[in-house]
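Working notes for the structure below.
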DNA sequence: GGCGGCCTCCTCCTGGAGGAGGAGGTCGCC
DNA sequence: GGCGACCTCCTCCTCCAGGAGGAGGCCGCC
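Protein chains in written order, with UniProt numbering: chain A, 1 to 220; chain B, 1 to 220.
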């Protein structure tokens, strides 16, 4: 089983270069090429590659848009984005579009073939220079610097457990059902949680749970 | 100029293994070891390493906390986190703490020394298996372009306003005070919000507000 | 003008939430 | 054994939340 690769770049010379590199690997097969995003889409439909090496800047349809369209395919190929510059927005947009990796075009041959194998097995790879920027940006997006001035060590396991269920919008009766307890017991735990955290009601408990990162959004 | 490395792991055997791998590289020098986070901090002060290989799970002070403290140093070392499992929370917490890389402990020797060089020159590296999860998570955090376009189109301005205050933990009476309304009116708006969104009570409204990104956990 | 959407406020009513104040149980520690 | 922390489950009580079913006023549109 070879890894079927499609090359997408508007510069024929670059495609040739990549083809030479990849073709010399026994487990990789370059099944086609495309010079813009639209051709890439039809090539993917026709050739069913496993991995697409995708340039960002291309005429007609750019790599980001093409990646986005590919993500809507049944059994879509993995997309490995290749950019000349490590520009943040390209990286972020591609990622949002569903790419599995980002490399710079000056990538060493060995790293390129490694990356093809990595994305093919469902993992992801990002060029180190890009990773740094990506992590910086990621860190800024994260729930916050977490000033752990007032942690919540005072909560017992049971109380913490109840808090988590509360934070998912469950009523006392539902929590009781979930934990196989009487509603009375749940009310006791809830009361203790509120008292310990200095809160008025379960609504504030939910707010605190999200603000402190005890529960995090986007689980759904 | 060699790269000065400090090994931090509570398992001496692992430290020895890493030491052997790194020591064989001409441009890398292992200047010290530490068995927990606290020792690591004093070692960094004394030895001024360029790169710290940091385990996550350790007694006394774990790797995440140690990384966070290191970030507050003048001219802090780069931290390369090593963990046994590719657990999401560790990754995210480490990055937030300021780590420059994240590797699994079963990393091939060659990749390890590469990673040390990469973080030393200010770039970053993440294990492919972890990268996939990280990117998925990152993608969810990003300002979603289309799914967020019409999350709650049916809410009127007033209802949306009430929802925001509800999501901050305010009671009906407090919302009424805030918006200069009667409590009755607020209750009407709340009821409408719940009905339109198909929710049971304000607790679920708060959960939805956070999950849909209508309100976001903030630094404050 | 009439109609519909939105905002405002009302009363009556039920149910759940949460506090007060218990009690019995297990477990680990001194 | 005694003590304290934790988990479990009571009862009585109050109060807010939320539904049902209104009503009047404003505004834009046909």
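All C-beta atoms in this analysis are idealised placements derived from N, C-alpha and C, irrespective of residue type, glycine included.
With a threshold of 16 other beta carbon atoms within 10 Å, residue 123 of chain B meets it and is buried. For a Cβ distance threshold of 8 Å, residue set 95, 134, 138 and 141 of chain A lies close to residue 138 of chain B, ordered along the chain. Residue 100 of chain B and residue 81 of chain B have their C-alpha atoms roughly 8 Å apart. With a cutoff of 7 Å on beta-carbon distance, residue 40 of chain A and residue 5 of chain A are scored as not near each other. Taking a Cβ-Cβ cut-off of 7 Å, the neighbours of residue 123 of chain B in chain A comprise 128, 129, 131 and 132, given in sequence order. Comparing alpha carbon positions, the residue from B:15, B:127 and B:45 closest to residue 54 of chain B is B:15. Secondary structure at residue 37 of chain A: helix, using DSSP grouped into helix, strand and coil. Look at residue 58 of chain B here: in three-state DSSP terms it is coil, with no helix or strand label. Around the beta carbon of residue 46 of chain B, fewer than 16 other beta carbons sit within 10 angstroms, so the residue counts as exposed. Here the region 61 to 76 of chain B makes no contact with the region 197 to 211 of chain A; the two share fewer than three CB pairs at distances below 8 Å. For residue 4 of chain A, no alpha helix (DSSP H) run applies; the uninterrupted beta strand (DSSP E) run containing it begins and ends at 3 to 8, by DSSP. Bridge pairing for residue 81 of chain A: A:54 and A:102 [DSSP]. Residue 214 of chain A: not part of any alpha helix (DSSP H); DSSP gives it neither H nor E. Just so you know, the alpha carbons of residue 173 of chain B and residue 180 of chain A end up roughly 35 Å apart.
Non-local beta-carbon contacts of residue 59 of chain B in its own chain, meaning distances under 7 Å to residues more than five positions away in sequence, involve 10 and 36 in chain order. In the three-state reduction of the DSSP assignment, residue 125 of chain B falls in the strand class, which pools E and B.
Residue 118 of chain B and residue 125 of chain B have their C-alpha atoms spaced approximately 7 Å apart.
In the DSSP assignment, residue 30 of chain A forms a beta bridge with A:5.
Taking C-beta atoms as the reference points, residue 51 of chain A and residue 120 of chain A count as a pair closer than 7 Å. When CB distances to chain A are screened at a threshold of 9 Å, the residues of the region 163 to 175 of chain B falling below it are 166, 167, 168, 169, 170 and 171, in chain order. Membership of residue 159 of chain B in the alpha helix (DSSP H) is indicated by the continuous run 157 to 166. Taking the CA atoms as reference points, residue 214 of chain A sits about 43 Å from residue 44 of chain A. Residue 73 of chain B is classed as exposed because its beta carbon has fewer than 16 other beta carbons within 10 Å across all chains shown. Chain A has a Cβ within less than 7 Å of the Cβ of residue 206 of chain B. Within the same chain, 163, 167 and 215 come within 7 Å of residue 209 of chain B by CB-CB distance, once the 5 residues on both sides are set aside.
Annotated three-state conformation of residue 13 of chain B is helix, per DSSP. Contact note: residue 19 of chain A does not reach chain B at a C-beta cutoff of 9 Å; the least C-beta distance is about 24 Å. A buried status is given to residue 94 of chain A, since no fewer than 16 other beta-carbon atoms sit within 10 Å of its beta-carbon.
Residues of chain B with a Cβ closer than 8 Å to the Cβ of residue 202 of chain A are, in chain order, 203.
Residue nearest to residue 22 of chain A within the set A:112, A:83 and A:33 is A:112 (criterion: CA-CA distance).
DSSP places residue 91 of chain A within a helical segment (H, G or I) once states are collapsed to three.
By the 16-neighbour rule on beta-carbons within 10 angstroms, residue 48 of chain B is exposed. Residue 117 of chain A carries a helical assignment under DSSP once its states are collapsed to helix, strand and coil. The C-beta of residue 33 of chain B has 16 or more other C-beta atoms within 10 Å across all chains shown, which makes the residue buried.
For a cut-off of 8 Å, the C-beta gap from residue 158 of chain A to residue 189 of chain A is around 6 Å, short enough to register as a contact.
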